[in-house]
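Residue numbers (this note's numbering): 119 to 264.
1) At 3 residues or longer, what runs of the beta strand (DSSP E) sit wholly inside the region 160-239?
2) Does at least one heavy atom of the ligand NAP sit under 7 Å from the Cβ of residue 210?
3) Using only CA atoms, which one of 196, 149, 220 lies nearest to residue 165?
4) For residue 265, which of 239, 153, 223 has the nearest alpha-carbon?
5) Whether or not the region 197-213 and the region 239-257 are in contact is what I'm after, with contact meaning three or more pairs of Cβ atoms, one per stretch, closer than 8 Å; do they touch?
6) Apply the 10 Å Cβ neighbour rule to residue 244 and answer buried if 16 or more other Cβ atoms are within range, or exposed otherwise.
7) Return yes when the Cβ of residue 205 is within less than 8 Å of the Cβ of residue 227, no when it is not.
8) May I have the straight-line CA-CA distance separating residue 198 from residue 157, to the nearest angstrom?
9) Is it right to say residue 160 is buried, meaning 16 or more other beta carbons lie within 10 angstroms of its own, or is it exposed?
10) How is the beta strand (DSSP E) around residue 257 delimited, first residue to last?
11) Any idea what DSSP makes of residue 149, helix, strand or coil?
12) Assign residue 141 to buried or exposed, taking buried as 16 or more other Cβ atoms, counted over all protein chains shown, within 10 Å of its Cβ.
13) Whole angstroms is fine: what's the gap from residue 191's alpha carbon to residue 163's?
14) Can you tell me which of 241, 233, 146, 200 puts its alpha carbon nearest to the alpha carbon of residue 183?
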């Protein structure tokens with residue numbers, strides 16, 4: 119009898135686990151870009167990028183690999199990675215940075231960062247959230263994805 123009762127208890131748990139797995143797999147796929155220039159063009163459709171900006175990007179080397187960088191403005195940086203794994207590793211570094219951005223947009227192989235402490239117009243969190251949606255990505259705050 120105990121064996122039958124245990125099986126009955128485990129059966130609903132298995133259905134719940136399967137339902138949770140199915141629900142998480144319905145999350146939309148994040149967009150990718152073939153180049154940093156392609157990502158720049160997508161950002162420029164939503165934000166006012168300045169092609170003449172002379173701002174220097176903040177660069178991060180990941181296991182000997184340097185992603186592609188391009189500045190949109192003095193305060194907005196676009197980063198394109200070769201793959202999602204590199205972007206995920208960079209996300210962890212960004213979220214763990216002591217003086218990192220309070221919010222940013224990300225996709226499968228890209229980030230759009232609002233750099234803190236820079237002179238110039240800083241897009242607000244609502245603008246970056248709208249940018250993330252327009253680019254097929256997600257908006258992330260220091261507290262996690264919104």
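Backbone N, C-alpha and C fix where the C-beta goes; we use that ideal spot for every residue, glycine too.
Per the coordinate set shown:
1) 186-189, 194-198, 221-224, 228-232
2) Of ligands this structure carries none, so the ligand NAP is not represented either.
3) 196
4) No answer is possible for residue 265: the residues shown for the chain start at 119 and end at 264.
5) no
6) So residue 244 counts as exposed.
7) yes
8) 7 Å
9) buried
10) 256-259
11) coil
12) Residue placement at residue 141 cannot be trusted, given a pLDDT of 40 that sits under 50; the coordinates are not used to answer.
13) 14 Å
14) For the residues 241, 233, 146, 200, the minimum Cα distance to residue 183 belongs to 200.
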